[in-house]
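As structure tokens, the structure follows; a few thoughts come after it.
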Amino acid sequence: MIQTSSKIYIAGHQGMVGSAIARHLRDAGHQNILGLTHHQMDLTNQGQVEDFFAENRPEFVVLAAAKVGGIHANNTYPAEFIYSNLMIETSIIDVCYRYGIKRLLFLGSSCIYPRAVPQPMRENALLTGVLEKTNEPYAIAKIAGIKLCESYNRQYGTDFRSVMPTNLYGPGDNFHPINSHVIPALVRRIHEAKIRQQPEVVIWGSGRAMREFLHVDDMAAACVHVLSLPQAVYQAHTHPMLSHINIGTGLDCSIRELAETLKKVINYSGKLVFDPGKPDGTLRKLLDVSLLKKLGWTHRINLEQGLIDTYRWFLAHEGEIRA
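Numbered continuously in the numbering used here, the sequence shown closes out at residue 565.
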């Protein structure tokens with residue numbers, strides 16, 4: 243049982259997801275939250291991770307740290323994506339076992355599922371087909387993280403859990419116009435076009451691809467919910483070799499619909515132009531979240547409300563774009 247006094251280490255506490263989880267825990271009264279920046283501890287360095295655990299002895303761990311990016315970044319830096327994520331996972335998960343951590347929550351990604359799989363994607367679709375090639379290295383690393391958790395549970399009786407979030411967005415996101423995910427990239431590009439009075443914004447792909455989006459504050463709430471479940475409840479709803487849980491809304495929209503909603507939120511009067519010569523990625527990615535609902539959690543923030551919140555954060559932190 244997690245107490246408000248429990249020592250909780252969040253790997254990646256300054257990232258979008260990790261910082262949201264830390265906020266959610268603090269709002270619930272947790273004050274004993276640990277986190278180090280990348281400059282303070284390199285999570286790919288097993289020696290540094292070992293030293294941190296030996297000194298601080300956390301009771302619970304949330305592994306939210308990862309090297310992430312959109313289609314362009316995944317295509318351009320495949321070696322970095324698979325290496326960095328594998329090293330982070332092996333360093334953290336193994337040391338959690340050796341130092342007797344009470345419970346670990348590993349955060350994966352919906353890209354673990356095959357490219358051609360029935361929609362919405364159920365947890366048992368894992369390893370049933372070929373992955374989407376544009377993010378295969380990242381997906382392989384995340385699958386390895388799930389299997390590391392399951393293998394330690396099976397061999398050593400640990401309580402290591404995995405959640406697979408859908409596409410996330412919200413305050414604290416990376417708003418780089420090229421290397422970021424679709425929502426923050428579009429926020430910046432449409433905002434820049436508005437400020438510079440550009441007549442159109444060109445968007446990668448046909449606009450037909452369907453995507454599910456979850457606000458990061460909802461993601462944080464879901465993570466804390468799963469982390470807090472009694473071990474007997476978690477085990478009763480999962481399988482030792484199929485133990486991950488999808489986290490999402492169960493709702494999706496087309497990239498075109500997303501862009502039109504952002505155009506409205508940002509109050510941009512220009513034209514949206516789609517470039518079908520650029521990759522769409524998987525044409526549909528929708529998670530089946532029935533298991534999560536059985537466990538007592540459902541999302542609260544609708545997409546337009548979440549995009550308004552995200553744009554406000556962007557304006558406050560990164561919106562200084564000159565014409």
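Even glycine gets a Cβ: it sits at the ideal position worked out from N, Cα and C.
In this text the structure is predicted, and so the values were computed from the model without any measurement.
Three-way DSSP call (helix, strand, coil) for residue i in this model
i      : result
ASN409 : strand
SER422 : coil
ALA435 : helix
ARG554 : helix
ARG564 : Its pLDDT being 49, under 50, ARG564 is placed unreliably in this model, and the coordinates cannot settle the point.
GLN547 : helix
HIS481 : strand
MET329 : helix
LYS527 : strand
LYS520 : coil
PHE417 : coil
GLU374 : coil
ILE508 : helix
ALA253 : strand
Chain D contact for residue i (CB, 8 Å cutoff)
i      : result
VAL291 : Among the chains of the structure shown, chain D does not appear; only one protein chain is present.
Under 8 Å between C-beta atoms of residue i and residue j
i      : j      : result
VAL303 : ALA253 : yes
GLY449 : ILE497 : yes
SER352 : LYS527 : yes
ILE549 : THR503 : It is Leu, not Ile, that sits at residue 549 in the sequence shown. It is a contact, given that the beta carbons lie within the stated cut-off.
LEU545 : CYS465 : no
GLY387 : GLY414 : no
ILE445 : PHE516 : yes
LEU285 : ILE330 : yes
PRO356 : GLY492 : no
TYR510 : LYS436 : yes
ARG299 : TYR341 : yes
ALA328 : PHE402 : A quick correction: the sequence has Leu, not Ala, at residue 328. Not in contact: LEU328 and PHE402 (Cβ atoms no closer than 8 Å).
THR376 : ASN317 : yes
ILE354 : LYS389 : no
HIS559 : ASP460 : no
Cβ distance (whole Å) where residue i is taken to contact residue j below 8 Å
i      : j      : result
VAL411 : ILE425 : It is worth fixing the name first, because residue 411 is Tyr in this sequence and not Val. Confirmed, about 4 Å.
VAL443 : THR552 : With a Cβ gap of about 17 Å, VAL443 and THR552 do not count as contacting.
ILE324 : TYR380 : 7 Å
ASN287 : LYS249 : No, ASN287 and LYS249 are not in contact; Cβ-Cβ is about 22 Å, not under 8 Å.
LYS536 : HIS481 : Contact doesn't hold; Cβ gap of about 14 Å is too wide.
GLY447 : PRO360 : Not really, about 23 Å apart at Cβ, beyond 8 Å.
LYS505 : ILE432 : 6 Å
THR567 : GLY277 : Only positions 243 to 565 of the chain appear in the structure, and residue 567 is not among them; the question remains open.
MET483 : GLU392 : 6 Å
Reference residue i; option with closest CA among the options
i      : options                        : result
LEU508 : TRP555, LYS535, SER422, THR480 : What sits at residue 508 in the sequence shown is Ile, not Leu. Cα-wise, what sits closest to ILE508 is TRP555.
GLY269 : ALA463, ILE313, THR491         : Correcting the residue type first, residue 269 is Asp in the shown sequence and not Gly. Here the closest residue by C-alpha is ALA463.
THR279 : ALA308, GLN245, GLU365         : ALA308
GLN282 : LEU267, HIS433, HIS255, ALA264 : HIS255
ALA321 : LEU276, PRO482, GLU378         : GLU378
ASN416 : ALA264, TYR398, LEU500, GLY311 : GLY311
HIS266 : ALA474, VAL458, GLN439, LEU500 : VAL458
SER422 : TYR319, LYS344, ALA315, GLY289 : ALA315
Touch test, the stretch 365–373 against the stretch 436–454, Cβ-Cβ under 8 Å, three pairs minimum: As far as the Cβ criterion goes, the stretch 365–373 does not touch the stretch 436–454, which means the pair count is below three.
At least three beta-carbon pairs within less than 8 Å, the stretch 486–504 to the stretch 526–539: Result yes; three or more Cβ-Cβ pairs closer than 8 Å.
Three CB pairs or more closer than 8 Å across the stretch 402–411 and the stretch 275–295: Under the three-pair Cβ rule at 8 Å, the stretch 402–411 does not count as touching the stretch 275–295.
Touch test, the stretch 506–523 against the stretch 469–478, Cβ-Cβ under 8 Å, three pairs minimum: Three or more Cβ pairs closer than 8 Å define a contact, and the stretch 506–523 falls short of that threshold against the stretch 469–478.
Contact the stretch 304–311 vs the stretch 247–267: 3+ CB pairs below 8 Å: A contact between stretches requires three or more CB pairs, one per stretch, nearer than 8 Å, and the stretch 304–311 meets this requirement with the stretch 247–267.
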